Structures are given as C-alpha cells and as structure tokens.
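Contents: one structure, followed by commentary.
Residue numbers (the numbering used here): 1 to 123.
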C-alpha cells in the first residue's frame, strides 16, 4: 500500500501468525436511503413501521426538502460507514440525489442514484 492505494499484490507464503492484509472484492449495498442516516438510531424505540415513518421519517424528509444540503451532509457519514464495512458501490433512492451524487464523488465510491417513487408522501 502507498498513499492509501494498492501498489502491488504478492502471494502470501508465511506463517499465518504473522501480520498480513487480506485483499478481496468490495461489497455492494443495493438498497440505501443515505439521507435518512441521521435518524437511524430512532429505530431503537421499538415502534411499528407506520409509527416510525409518521413520527420520524416524514418530518425528517420535510426538513431535507427545505434544506437540500442536509442530504449531502447526511450522506457523508453514511458513506464513510459503508466504506469502512467494505462496501464499494451503493444504490440510493431518495430525493436531493444531485447533492448525494456530490457526496458519493467526494468519498470515491460507486453509486447508482434514483428518486424514490413515493416521494409525494412527505410533502
């Protein structure tokens, strides 16, 4: 490794007790809502899905609509967590995808972005 990039690969022949790095392919997260990352811990309140959507998701989404840059700042830590978990590609569906695209570009991960089909509910 040099400056965070793989510069060469070698076959490991040593004792397994020695320190080494295992290189494998990246994972893909095929269903994300990066803009909802800041409210993910509210799921710990053990409420049913409809209550959670009504009490947390829709109010947060209304705020995201009023302040699109929040989608960018929500996506950055979400993407950081995904990358640390070996994810190298995401499929995100939400709104404000134009600013989410900037976060994906900044982090350097691959992304497929699409506006959600039920976006009218949070208006």
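In this text, a Cβ means the ideal position worked out from N, Cα and C, and glycines have one as well.
Since we're looking at a predicted model, the values are computed, not measured.
Could you check how far apart the C-beta atoms of residue i and residue j are, in whole angstroms? I think they sit under 8 Å.
i: residue 165; j: residue 8; result: As displayed, the chain neither begins before 1 nor continues past 123, which places residue 165 out of reach and without an answer.
i: residue 115; j: residue 97; result: 6 Å
i: residue 113; j: residue 29; result: Actually they are not in contact, since the Cβ atoms of residue 113 and residue 29 sit about 13 Å apart, beyond 8 Å.
i: residue 52; j: residue 42; result: 7 Å
Does the distance from the CB of residue i to the CB of residue j come in under 8 Å?
i: residue 34; j: residue 79; result: yes
i: residue 92; j: residue 108; result: no
i: residue 76; j: residue 103; result: yes
i: residue 26; j: residue 86; result: yes
i: residue 45; j: residue 65; result: no
Can you give me the Cβ contacts of residue i inside the same chain, cut-off strictly under 7 Å, excluding the 5 residues immediately before and after it?
i: residue 31; result: 91
With DSSP as the reference, identify every bridge partner of residue i, one or two as the case may be.
i: residue 30; result: Residue 30 pairs with nothing; no bridge assigned.
i: residue 115; result: 94
With a threshold of 8 Å on Cβ separation, who are the neighbours of residue i within its own chain once the five nearest residues in sequence on each side are excluded?
i: residue 106; result: 76
i: residue 47; result: 55
Using a threshold of 7 Å, is the CB atom of residue i nearer than that to any non-hydrogen atom of the ligand COA?
i: residue 99; result: For the ligand COA, the structure offers nothing, since it holds no ligand at all.
Ignore the nearest five residues each way along the sequence and tell me which others in residue i's own chain have a CB closer than 6 Å to its CB.
i: residue 121; result: Because residue 121 carries a pLDDT of 49, less than 50, the predicted location of this residue cannot be relied on, and the following value inherits that uncertainty. There are no such residues.
i: residue 60; result: 39
i: residue 89; result: 28 and 110
In chain order, what are the residue ranges of uninterrupted alpha helix (DSSP H) at least 4 long that sit wholly in the segment 86-113? Taking only runs of at least 4 residues, the alpha helix (DSSP H) segments lying wholly in the segment 86-113 are 97-107.
Pick out the complete alpha helix (DSSP H) segments inside the segment 55-81, 4 residues or longer, and give them in chain order. 58-66
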